[in-house]
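Student:
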Amino acid sequence: MTIIRLEDPDGKVHEWEWDGMPTLAEARVIKAHTRMSTYQFLDALVEGDADALTALLLILYRRSGEQIPFDEIDCDLRKLHFIEPDEGDDQPDAQGLGEAAAEGKGPTSSTASGATNGEA
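Per the numbering used here: the sequence shown = residues 3 to 122.
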């Protein structure tokens, strides 16, 4: 399970669990805002696509009860961290989006692998 940690522009720190897949209702919201299928969305997250990242934050905010319009979601990407536990290690490995891109890794590289065909 990936932990997504974000410090928003107001300095509030959010932390969410992300299992790498939206629900069907969330997939419809993602498609309505981005025109991406579920698998296009997952691939776009790996690539760091701005619309995909915004859609991810939209559904994570909604899961925690916050209703923020898609067009109002913003953050400093240096303060958006995808934390994944190392295999065989109980301690998560924190990596910011900028660090992941520098290493050629996407934010959900381990959760989106295998998402190569079909639409949800």
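All C-beta atoms in this analysis are idealised placements derived from N, C-alpha and C, irrespective of residue type, glycine included.
Check Thr40 in the structure and name its three-state DSSP category.
Tutor: Numbered from its first residue, the sequence shown carries residue 40 at position 38. In this structure, Thr40 counts as helix in the three-state DSSP scheme.
Student: Residues bridged to Glu17 by DSSP?
Tutor: In the sequence shown, counting from the first residue as 1, residue 17 sits at position 15. Arg7, per the DSSP bridge assignment.
Student: Does the region 3 to 17 come close enough to the region 33 to 43 that 3 or more CB-CB pairs lie under 8 Å?
Tutor: At 8 Å Cβ cutoff, the stretches do not touch.
Student: Look up Thr56 in the DSSP assignment and say whether it is helix, strand or coil.
Tutor: In the sequence shown, residue 56 corresponds to position 54, counting from 1. Thr56: helix per DSSP, three-state reduction.
Student: Can you tell which of Phe84, Pro87, Glu86 and Asp76 has its C-alpha closest to the C-alpha of Gly13?
Tutor: On the sequence shown, position 11 is the one that residue 13 refers to. Of the candidates Phe84, Pro87, Glu86 and Asp76, the one whose C-alpha sits nearest the C-alpha of Gly13 is Asp76.
Student: In this structure, does DSSP put Glu1 in helix, strand or coil?
Tutor: What is shown of the chain runs 3 to 122, which leaves residue 1 out entirely.
Student: Below 8 Å between beta carbons: does that hold for Pro11 and Ile61?
Tutor: On the sequence shown, residue 11 is found 9 positions in, with the first residue counted as 1. On the sequence shown, residue 61 is found 59 positions in, with the first residue counted as 1. Contact: no.
Student: With distances taken Cα to Cα, identify the nearest neighbour of Lys33 among Gly50, Leu58, His16 and Glu17.
Tutor: Mapped onto the sequence shown, residue 33 falls at position 31. When only C-alpha atoms are compared, the closest one is Leu58.
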